[in-house]
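Notes for the one structure printed next.
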Amino acid sequence: MKQILISMAIGCVLSAGAAQASPGPTPIAPGASIVAPKDRAYAGEIRLKVDASDLERRIVHVHETLSGVGSDLVLLYPKWLPGTHAPEGPIDRLAGIRIAANGAPVPWSRDTVDVYAFHVHLSPGVKSIDIDFDYLSPTSPKVGAIEISRDILLLEWNELVLYPAGYFTRQIPVEASLTLPADWKFASALETVTTGGKETQFKRVNLATFVDSPVYAGRYASRLDLDPSGATAVHLNLFADRPELLAIKPEQLEAHRNLVRQAYQVFGSHHYAHYDFLYSLSDQIQQNGLEHHQSSEDGSDPNSITDWDKTAYGRDLLAHEFTHSWNGKFRRPADLWTPNFNVPMQDSLLWVYEGQTQYWGQVLTARSGLWTPQQARDQLALTAASYVIQAGRRWRALQDTTNDEIINPRRPMSWLSWQRFEDYYSESQLIWLDADTLIRERSQGKRSLDDFARSFFGIDDGGFVTVTYTFEDVVKALNAVEPYDWSGFLRARLDSIGKPAPLDGLQRGGYKLVYSDTPSELLKTHEDQAKRVNLLYSIGVELDDKDGTVLEVIWDSAAFKAKMTEGSVLLAINGAAYSADVLKDAIRAAKSTTLPIELIVKTGDRYRVLSLDYHDGLRYPRLERDQSVPARLDDILAARK
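In my numbering, the protein residues as written are -4 to 636.
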């Protein structure tokens, strides 16, 4: 009887549940009320007045007048940003939005699906609106990368504009003015109408060009001509924390001028009316690296010029971003080009966009003299060795890493070598070296990847309109240089899992990857500059030189097996207090014994004793000449006449 009553009770519950249906999902139609962009002229214009003079509070005040509006107005804040390949528009930094028409407030509401869209509710007959808002630039690194200091600011227009939905950005005209602190100098690819006092008026351009033309400004600045005899101006605009940091020696200036000459040798063309490197020498603001069509945002340590011999690591930055004017801005992957800044991008060809740019960036750095050939080889050795020890290649194809900008916009990672991140840069660089040396070998030195660059990126000399490309276009252009199964060559390297590191280009280039017990001069100066201890290729760890904080642990390395983790602090080695020298001495001594190295580490408030079972000594990567193979790599790095 009890069982019957229970069954009846369950039946009643089930019957009640059937009578009262559970909630279902609310239908969502993303962007249903947001007009898709069309390639049609916008009837009005954007007039923008930006005041960036509030250095102490780092608040940028924006007043925008938008004419040509209609009753169903949707304003967009740029979300998908060219150069970042990701939805990184900092909309959280907008505050105090006020919209008015004919002096009267206008109500607005944010789209609940696309939060980068604002619906503006206008009365009939309104033709123009005024928009005011504040852009709250980060005041500390915990908020975000610093853009404004007491001496320098970098200003990206995508952070400071709202634009009408329904149009290609190239069809929306913009006129802008900028107010800076008194006596500050600035540089931008934008041309000016007037520059007087604190306010500068820029010439009218379309919104696509406008957003692609950031401004750098500062108290201490220098402008250097990198192509004095050229028909098209190229300038290096330096902004520094202190005036003495701007001092550049004649041979350093000549190397930067050689960069322009060598780029023209490779590409045989240019696609800008003028070009401006916007280069900050600062530890007060972010050290940026971002490409634009007629300029680039670049940044490095304050002493990068004055301590030239100690700061070679990373000096390929300018060459990399300059190359992007051809590869990425003029020629762009078809699935990465979008009609406005709120249509999602697809990043499937970043192994060309970024990977071949990484290749040419380092080649041009060597050819120009910004690096010596030895420094270029040492950098290549570090790159190659990093993929030898990278465990993530066992489970994740290189092609999949082209999604990384969208998956993880450069947040810190606990196990970088297992997760893989943005390998479409440097692993692709090795693949393009492989392709270059293969072309040289098959053609007996008659052709090279230089020929591909000239035919693929060098078209339409002087033209400014972007030309898109597909995977098939890349394969076709390679075949035009040297007939081969380039589709199979590329797909095997892009889609494979668990294969050895792609070192064929090094070997065919006449070099072998080897290891020594002393770091190269390039790595040593980088360790000194960055205050780091690089033991990635031996015990598998990188540390903060000063306090022993673990910055990275290589998956499956000796340090990993000893259960070291990123963020821990190494306190002692074999009973002696931590220092880089003590740790290195212990690694050397362990070569002649089977005893493990004893480590004391602190993780949070917990202390642990770890046993590091490692006996192969210090290991630092280098390239060693293989005399049995032609020195094709040396030819690649040699300057063109």
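Glycine residues also receive a C-beta, built at the ideal position from the N, C-alpha and C atoms.
Exercise. Does the separation of the CB atoms of R372 and E436 fall below 7 Å?
Worked result: On the sequence shown, residue 372 is found 377 positions in, with the first residue counted as 1. On the sequence shown, residue 436 is found 441 positions in, with the first residue counted as 1. No, Cβ-Cβ distance for R372 and E436 is not below 7 Å.
Problem set entry | Touching by the beta-carbon criterion (3+ pairs, under 8 Å), the region 396 to 406 and the region 320 to 334 | no
For this session: Give a yes or no on whether the C-beta atoms belonging to L131 and A90 are separated by under 7 Å.
Result: Looking up residue 131 in the sequence shown gives position 136. Looking up residue 90 in the sequence shown gives position 95. In this structure, A90 lies closer than 7 Å to L131 by Cβ.
Exercise. So, are the CB atoms of A95 and D67 less than 7 Å apart?
Worked result: As a first step, residue 95 is located in the sequence shown; it is residue number 100 there, counting from the start. As a first step, residue 67 is located in the sequence shown; it is residue number 72 there, counting from the start. No.
Problem set entry | Secondary structure of V64, DSSP reduced to three states | In the sequence shown, the residue the question calls residue 64 occupies position 69. If DSSP states are grouped into helix, strand and coil, V64 belongs with coil.
For this session: Report buried or exposed for S320, applying the criterion of at least 16 other Cβ atoms within 10 angstroms of its Cβ.
Result: As a first step, residue 320 is located in the sequence shown; it is residue number 325 there, counting from the start. With 16 or more other Cβ atoms within 10 Å, it is buried.
For this session: Apply the 10 Å Cβ neighbour rule to H116 and answer buried if 16 or more other Cβ atoms are within range, or exposed otherwise.
Result: Here residue 116 refers to the residue found at position 121 when the sequence shown is read from its first residue. Burial call: exposed.
Exercise. How would you label Y573, buried or exposed, when you count the other beta carbons within 10 angstroms and need 16 or more for buried?
Worked result: As a first step, residue 573 must be located in the sequence shown, where it is residue number 578. It is buried - the Cβ of Y573 has at least 16 other Cβ atoms within 10 Å.
Problem set entry | For Y609, three-class secondary structure by DSSP | Position 614 of the sequence shown, counted from the first residue, corresponds to residue 609. It is coil, neither helix nor strand.
Problem set entry | Burial state of A184 (16 or more Cβ within 10 Å) | As a working note, residue 184 is residue 189 in the sequence shown. Looking at its Cβ environment, which holds 16 or more other Cβ atoms inside 10 Å, A184 is buried.
Exercise. G6 by DSSP, collapsed to three states: which one?
Worked result: Within the sequence shown, residue 6 is the residue found at index 11, counting from 1. Any reading at G6 needs caution, since the residue's pLDDT is 45, under 50, leaving its predicted position unreliable; the model's value is listed next. Looking at G6 - three-state DSSP - the assignment turns out to be helix.
Exercise. Would a C-beta distance cut-off of 7 Å place R389 and G535 closer than the cut-off?
Worked result: In the sequence shown, the residue the question calls residue 389 occupies position 394. In the sequence shown, the residue the question calls residue 535 occupies position 540. No.
Problem set entry | Whole runs of the beta strand (DSSP E) within the region 152 to 226, excluding any shorter than 3 residues | For the region 152 to 226, whole beta strand (DSSP E) runs of length 3 or above, ordered along the chain, are 168 to 174, 180 to 183, 187 to 191, 194 to 197, 210 to 213, 215 to 220.
Problem set entry | A258 and L359 closer than 7 Å at C-beta | Along the sequence shown, one-based indexing puts residue 258 at 263. Along the sequence shown, one-based indexing puts residue 359 at 364. Yes. Within cutoff.
Exercise. Out of G78, S172, A36, W481, which has the shortest C-alpha to C-alpha gap to T190?
Worked result: Numbered from its first residue, the sequence shown carries residue 190 at position 195. For the residues G78, S172, A36, W481, the minimum Cα distance to T190 belongs to S172.
Problem set entry | Endpoints, the alpha helix (DSSP H) within which K556 is located | Position 561 of the sequence shown holds residue 556. Per DSSP, K556 belongs to the alpha helix (DSSP H) from 553 to 556.
Problem set entry | Residue range of the beta strand (DSSP E) that includes R529 | Sequence index remark: in the sequence shown, residue 529 carries index 534 (1-based). In the sequence as presented, Arg is not what sits at residue 529; that position holds Asn. Where N529 is concerned, the enclosing beta strand (DSSP E) stretches over 527 to 530.
For this session: Sort G294, R53, P82 by Cα distance to P404 and report the nearest one.
Result: Sequence index remark: in the sequence shown, residue 404 carries index 409 (1-based). Selection G294, R53, P82 evaluated against P404 yields P82 as nearest (Cα-Cα).
For this session: Please report how far the alpha carbon of S482 lies from the alpha carbon of D342, in whole angstroms.
Result: Reading the sequence shown from its first residue, position 487 is the one you call residue 482. Reading the sequence shown from its first residue, position 347 is the one you call residue 342. Whole-angstrom Cα-Cα distance: 19 Å.
Exercise. Is the distance from the Cβ of S421 to the Cβ of T465 below 7 Å?
Worked result: On the sequence shown, position 426 is the one that residue 421 refers to. On the sequence shown, position 470 is the one that residue 465 refers to. Contact: no.
Exercise. If P238 sits next to Y274, beta carbons under 8 Å apart, how far is it from one beta carbon to the other, in whole angstroms?
Worked result: Taking the sequence shown and counting its residues from 1, the one referred to as residue 238 is at position 243. Taking the sequence shown and counting its residues from 1, the one referred to as residue 274 is at position 279. Actually they do not touch by this definition, with Cβ atoms about 15 Å apart.
Problem set entry | Collapsed DSSP secondary structure at E292 in the structure displayed | The residue you call residue 292 lines up with position 297 of the sequence shown. Reduced to three states, the DSSP call for E292 is strand.
Exercise. With a cut-off of 8 Å, do at least 3 Cβ pairs link the region 108 to 122 to the region 244 to 254?
Worked result: no
Exercise. When DSSP labels each residue in this structure, what does E422 get in the three-state scheme?
Worked result: For this step, residue 422 is matched to residue 427 along the sequence shown. Three-state DSSP puts E422 in a helix.
For this session: In angstroms with no decimal places, state the Cα-to-Cα distance between Y510 and S533.
Result: Translated into positions along the sequence shown, residue 510 becomes position 515. Translated into positions along the sequence shown, residue 533 becomes position 538. Looking at the two C-alpha atoms, the distance is approximately 10 Å.
Problem set entry | K471, enclosing alpha helix (DSSP H) - first and last residue | Translated into positions along the sequence shown, residue 471 becomes position 476. Element bounds for K471: 466 to 476.
Exercise. Which two residues bound the contiguous alpha helix (DSSP H) that contains L312?
Worked result: Translated into the one-based positions of the sequence shown, residue 312 becomes position 317. Looking at the DSSP string, the run of the alpha helix (DSSP H) that includes L312 is 312 to 318.
Exercise. Looking at N283 and E292, is the spacing between their C-beta atoms short of 7 Å?
Worked result: Counting from one through the sequence shown, the residue named residue 292 turns up at place 297. Counting from one through the sequence shown, the residue named residue 283 turns up at place 288. Yes; because the gap between Cβ atoms is below 7 Å, this pair is in contact.
For this session: Look at the Cβ atom of V548, then the Cβ atom of A557, and state whether they are nearer than 7 Å.
Result: As a first step, residue 548 is located in the sequence shown; it is residue number 553 there, counting from the start. As a first step, residue 557 is located in the sequence shown; it is residue number 562 there, counting from the start. For V548 and A557, no; Cβs fall outside 7 Å.
Exercise. Is the CB-CB distance between A182 and D236 below 7 Å?
Worked result: Taking the sequence shown and counting its residues from 1, the one referred to as residue 182 is at position 187. Taking the sequence shown and counting its residues from 1, the one referred to as residue 236 is at position 241. No, Cβ-Cβ distance for A182 and D236 is not below 7 Å.
Exercise. Looking at the structure shown, is W303 part of a helix, part of a strand, or coil, going by DSSP?
Worked result: Within the sequence shown, residue 303 is the residue found at index 308, counting from 1. Three-state DSSP puts W303 in a helix.
Problem set entry | Neighbourhood of K636 by C-beta, 7 Å cutoff - its chain only, sequence neighbours within 5 removed | Reading the sequence shown from its first residue, position 641 is the one you call residue 636. Cβ within range, chain order: n/a, list empty.
Problem set entry | Inter-residue spacing [alpha-carbon to alpha-carbon] between Q357 and W413 | In the sequence shown, counting from the first residue as 1, residue 357 sits at position 362. In the sequence shown, counting from the first residue as 1, residue 413 sits at position 418. Near 26 Å, if we compare the C-alpha coordinates of W413 and Q357.
Exercise. Can the beta-carbon of A525 be found less than 7 Å from the beta-carbon of Y382?
Worked result: Mapped onto the sequence shown, residue 525 falls at position 530. Mapped onto the sequence shown, residue 382 falls at position 387. Going by C-beta atoms, A525 is not nearer than 7 Å to Y382.
Problem set entry | CA-to-CA distance, I300 to R53, given in whole angstroms | For this step, residue 53 is matched to residue 58 along the sequence shown. For this step, residue 300 is matched to residue 305 along the sequence shown. When rounded, the distance between both Cα atoms is 28 Å.
For this session: Spell out the partners DSSP gives E547 in its beta bridges.
Result: Translated into positions along the sequence shown, residue 547 becomes position 552. Within the DSSP secondary-structure output, E547 pairs in a beta bridge with E537.
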